[in-house]
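Here the protein sequences come in this chain order: A and B. Per UniProt numbering, residue 1 is the first one in the first sequence, and the count goes up by one each step. Per UniProt numbering, residue 1 is the first one in the second sequence, and the count goes up by one each step. Using N, Cα and C, we set each Cβ at its ideal position, and we do this for glycine too. All values derive from a computational prediction rather than experimental measurement.
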Amino acid sequence: MGFHCGFFICCLLICSSVAFQSDELLVDDDEFEGTQQIQYTDAAHTRSTPPPSRPTSTRRRFSDPDSDSKVQFQLEHSFGDSDFAPAGLFTARLKTSSHGGQSLTKMRFSRDAFTEEDSKKFTTLLQEDGFYTVRLGTNVLKSSGESYVYSSVKSRCLVRGELDEHFVIHMDGVNILAINYGTPGACPFPRQLKLPSKWSFNSLTFLKSGEQAPRTPVFAEDILVGETGEGEGVKPPEKSFWAKYWMYLIPLGLIVMNAITQAMNMAEEQVSGQAAGQAQPQQSAAVVQRGPGSSAVRRR
Amino acid sequence: MVLAIKLSFLLLLTLFSSFANYGFSLYEDQVGLMDWRQQYLGKAKHALFHSSKSGRKRVVVSTEENVIASLDLRHGEIFWRHVLGPNDPIDGIEFVLGKYVVSLSSEGNFLRAWNLPDGQMAWESFLQGTSPSKSLLLVPKSLKANQETVILVFSRSCLHAVSSLDGEVIWKIDLTENSVEIQKIIQLHDSDIIYAVGFSSPTQLDQFQINVKSGELLKHQTATFSGGFSGELVSVSDDVLVTVDTARSNLVIINFKNGEIGILQSPIAPVIDEFSGLMEIVPSKLSGLLAVKVNSLLTLVRVKGEGELEVVDKIPGQATVSDALLVSENQHAAALAHHEGSHMHLTVKLIDNWSTSFIDENIVIDKQRGSVQKVFLNSYIRTDRSHGFRALLVMEDHSLLLVQQGEIVWSREDGLASIVNVVTSELPVEKKGVSIAKVENNLIEWLQGHLLKLKGTLMIASPEDVVAIQNMRLKSSDKSKMSRDHNGFRKLLIVLTKSGKLFALHSGDGRVVWSRLLQPFHKSKDCAPRWLNIYQWQDPHHRAMDENPSVLVVGRCGQSMDGPGLLSFVDTYTGKEISSSSQTHSIVKVIPLPFTDSTERRLHILIDAEGRAHLYPQTSEAIGILQSEFSNIYWYSVEADSGIIKGHALMRKCVDVVDDYCFESKDVWLIMLPSDSEKIIASATRKLNEVVHTQAKVVADQDVMYKYISKNLLFLATVAPKSSGEIGTTTPEDSWLVVYLIDIVNGRILHRMIHHGSTGPVHAVFSENWVVYHYFNLKAHRYEMSVVEIYDQSRADNIDVWKLIIGKHNLTTPISSYSRPEILAKSQSYFFTHSVKAISVTSTSKGITSKQLLIGTINDQILALDKRYLDPRRSINPSQAEREEGVIPLTDSLPIIPQTYVTHALQVEGLRGIMTIPAKLESTTLAFAYGVDLFFTRITPSRTYDSLTEDFSYALLLITIVALVIAIFATWVLSERKELQDKWK
């Protein structure tokens, strides 16, 4: 399992560029990468600084150059239906693991600047909201691959002030499975026509290899039983008194309340009973008064 | 108000979820109430009649669905049946010893003997050969009575003699060295010697003489014929074989006189006038006659000894001839079936004297059965001691008919054993005024029924009453009515079979409401139609009273992908073909779009072999609808052999074709899987009509997770090419399984995961935001199931209430595939005991009810497994909050609870697919499983929380209410009286 050390996103590199491309730039990125990896542990959302701000420095290597070798492969692009033309260069180190598997690390990218013609083409593409397509050869070791993987994006998605682009390259060893190209942000459907303020690209590059599936848990049945048994033993104290007996407490409360109201009613009744008692004598008096008469009727 | 109802739903759900373990289980008396099963066989290949004097008369058939079955000759019912599995096609069947039927299957690998009365397997033998070849089965006539018969099998370039008693191989001759393809094995005149005849090259004929008893190869003779052989070798009589030459205009007659080979060539042209084109031999066994197809006429030719030919009969039109049947001593008869107008003409004639016919009958056969494909003849002795004949007919729609005395005695719709696809259709809305009269008519019956039910409930019913109640429940006219019901349980299942016939099955009892054999309007030689799939075309809701729904059936001519396409539109209420057309373009893929026009016809895009898209229906309105969504239509294609997945988008109108409805496409993205390490074996997508109730999932600690719900996701599984064969061919180190989740709009790989040491076959189901797949783990030597759930992280911040109040949430922003998704994929794996034939998931109308996986197991049953068992959040010791939410403690394997078999005691033999259809009632899913058998049932994953059960006794309720009212009055009167009396005291 050792060679799957980096579970998914292995490495990234960023570079933005306009016109020029040199070794210095790469080394600079090397350093840059170091700092950025500290900053962004998930290796995402990095944004390169524009070229003028970059200091130049001498070339340094972090790792042993003997076990690594450098590979380069070209990115090609097309505007709508046009033919593919070179657009930039990816550089990476080929790392050979002790198992014999090869993988790429420290990928970096330098993009060629848009020529006048490219900008024109891109402008027309923006007007019709066409597809901007990029492609890569499937094998990084073969410089001229016959087979390509490609990806397209609606050109209007790229324009966000400058041109923002975002590459995800899916690798399996030295094979490129797919390139996912797009914009780092959102791009909802009714896309507005907007021309870029600057014809330069902010590029973000991710390298992804597959994730390994979690292994099926294997545990002996008795352990499971023991654990659940324990869990059940622990469970009762967790419940509060209220949580446990609410179904008894609520009816009890109701009964109590009912009883109280009844008691109060009783008291009232007594009061009213007394009132009634006061009234009754009068009635009975009346009856008494009437009494002889009625009795007289009966007697008749 | 709606919210309140939903809330109460949820409350009920949580209430019932505690019982969900037993969410689906039946009581004994509920079997058959809402489920039905039908048993079929498939298109018959061979039939053997067994009409011995003793015992019941039966016919044994073997079919193209690899079924061997014994049928009652009187009624067509199945006595016994065996389904041999998808990779075990039957090559031949024969009777031996009068008590067994032997079947040769798997290209001659398996010879099995089945006991005739009960279908028990008596023995099985595995015949090993060297190289694949044609396989033949012959049971020579026994030389002496009571002698052990030998079964001769030629398979995989070896000739085997197998004992019929125990299946022991007696001897074996390997003919690989001679590289002879044996065509026929002949036994001459009850002798010990058999002749195996075949071709070793297109011009050379080989004959082997073999002693049956010892297996000794006596003689090997060859003969060459410069004209070359082509086509099948047909035996005309015991010692004469006939084939055609490579020019297909001459008959080649091969004679075996005294063990010598004589080859004669005789042209067919002189005997047949106006011979043109090619001749084809119709494989048949007509002792003395030869059936050939010339100029698409079936012609019967008598072959005489010295290569003389004589035309006996020419039958125009569709005609089929049976094999010869021994009627009496040296008299053979054959049946001939052909169509004349709307009638089927069946004649049985004596072969030696073709002009006399035993019977000559006209039979009216439903036009929707098409033409006769095969005739099997059987004779019996009539009451007046003359010969009677009955014939078993296999029709174009694969149905099986028994014809006797000019009538169809029984028929079986065996085309339903090979279903291609199913769609459902609503039934007509009940017209007002009709139902009331019906109820009035049956009022007394209705009352009686309820009284009976009441008795049952009060447990005072006698055993007869119980039977009556059960019958009443089973035959409830309610479930088989031809109208829409309130709960949406009654539906029409529109089924397309391999033969190109559409059936409408009523979901209540499974009866065939109508059937239609699809015929391209000009059926010609160059278009052999193959019907591919069926789609919902028009599903009127607004005008359900006036318009009938219809379906679209898509087919193509011939086998190649670029054959012209065929479309047929069929009304689902009447079965009438509204229109049908043959297209100039081919059809590779059909995409139903989520748009309908003003008449509620669904827009479809048909992709042809050149990658062009064709819009249907072809109206200007449809174009208008498409134009508005033009840039949002994407589709994908998979080239499984090269591991390429491509995305396409619509581009512009076709340039080189003048067709307003034709559009060109552009390849938008491409993913290439390395062909040396990955091979695509399975894929799954979400159902187009699936409803998701809620996007958010509330997890235990009052937290919310947002499901990543996209209709554009594709699940793909690949394995190492080495291990793409059967399980056990590779070591765990050499095999891996990679699963992908791909957004098909922009080709984004959202998730890629490797299972090391695992291999296919993979069965997967995709629903809402999760995929469940089944595969084999080589390391653990067990089957496994995994679940992947995907959640949207970009919406995770929305749980902050303050953000919601201030309005800084992104809940209202439209989702675009071009936006970069931030997803979180969670996964977990479990062991599963069974291997799986099909997997599906329940679907309900609002998506509220919890889901169950429907798993077609290896023993052809359907297991309902609660989705909660496949939840990546399961852990060994879930917290109290999680337990209350319903998270089940993690176990290493998924439980199989016997009560949750949806098929209860039944089997759906040869199970190939499970389809789920939401009913109108939220709690209920309708499930239809098909294979050789059909099965339909209703499933309630969370029990019927939203309706009373069907056997709820309304009478009891009524009586209780009445009794209560009476009691109230009585007590009131009593209390009044008492009060009065009290007052008088």
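In the DSSP annotation of this structure, the continuous segment of the alpha helix (DSSP H) that includes S620 of chain B starts and ends at 620-628.
Burial state of D933 of chain B is buried, judged by a 10 Å Cβ sphere holding 16 or more other Cβ atoms.
Under the Cβ distance rule, V256 of chain A does not count among the residues neighbouring chain B, no pair being separated by less than 9 Å. Listed along the chain, the chain A residues whose CB falls inside 7 Å of the CB of L673 of chain B are L177. When DSSP states are grouped into helix, strand and coil, W354 of chain B belongs to the coil group. Using a Cβ-Cβ distance cut-off of 8 Å, the segment 65-78 of chain B and the segment 917-926 of chain B are not in contact, since fewer than three pairs of beta carbons, one from each stretch, lie closer than that value. When the beta-carbon positions are compared, T718 of chain B and V745 of chain B stay at least 9 Å from each other.
The beta carbon of S151 of chain A sits closer than 9 Å to some beta carbon of chain B. At the C-beta level, D676 of chain B and P721 of chain B come within 9 Å of one another. Among the residues facing chain B, Y245 of chain A is not included, as its CB has no counterpart in that chain under 9 Å away. Between the segment 485-496 of chain B and the segment 334-344 of chain B there are fewer than three C-beta pairs closer than 8 Å, too few to call the two in contact.
Put simply, the CB of D129 of chain A is near chain B, with a gap under 9 Å to one of its CB atoms.
Just measuring C-alpha positions, the residue of B:N632, B:N769, B:K479, B:L688 sitting nearest D35 of chain B is B:K479. The segment 103-117 of chain B makes contact with the segment 80-92 of chain B, as at least three CB pairs between them are under 8 Å. Here V256 of chain A carries a helix assignment [DSSP, helix/strand/coil].
Boundaries of the beta strand (DSSP E) around C557 of chain B: 550-557. As computed with DSSP, G856 of chain B is found in a beta bridge with B:A838, B:I862. Going by DSSP, F126 of chain B is part of the beta strand (DSSP E) stretching over 121-126. When rounded, the separation of the alpha-carbon atoms in S110 of chain A and T833 of chain B is 53 Å. With a cut-off of 8 Å on Cβ pairs, the segment 703-711 of chain B is not in contact with the segment 173-188 of chain A, counting fewer than three such pairs. Cβ neighbours of E547 of chain B within its own chain (closer than 6 Å, five residues either side excluded): P540. The secondary-structure analysis by DSSP pairs Q74 of chain A across a beta bridge with A:L89. DSSP places L400 of chain B in the strand class (E or B) of the three-state scheme. Three or more pairs of CB atoms, one per stretch, sit closer than 8 Å, so the segment 189-209 of chain A contacts the segment 163-177 of chain A.
By the C-beta density criterion, E426 of chain B is buried, having at least 16 other C-beta atoms within 10 angstroms. From the beta-carbon of T183 of chain A, the residues of chain B found nearer than 9 Å are Y818, S819, R820.
Here C157 of chain A carries a helix assignment [DSSP, helix/strand/coil]. Assigned with DSSP and collapsed to three states, E280 of chain B falls in strand.
Contact between the segment 77-96 of chain A and the segment 133-143 of chain A is present, with at least three C-beta pairs closer than 8 Å. Inter-residue distance for W446 of chain B and Q470 of chain B is about 15 Å (C-alpha atoms, whole angstroms). Under the three-state reduction of DSSP, E177 of chain B is assigned to coil, being neither helix nor strand. 9 Å or more divides the Cβ of D701 of chain B from the Cβ of E789 of chain B. Chain-ordered, the chain B residues with CB closer than 7 Å to the CB of G210 of chain A read V738, R752, M753, I754.
About 7 Å separates the beta carbons of S829 of chain B and A213 of chain A, which is inside the 8 Å limit, making them a contact pair.
At a cut-off of 3 residues, the continuous stretches assigned as beta strand (DSSP E) that sit fully inside the segment 89-145 of chain A are 102-111, 131-137.
Counting other Cβ atoms within 10 Å of its Cβ, G555 of chain B reaches 16 or more and is therefore classed as buried.
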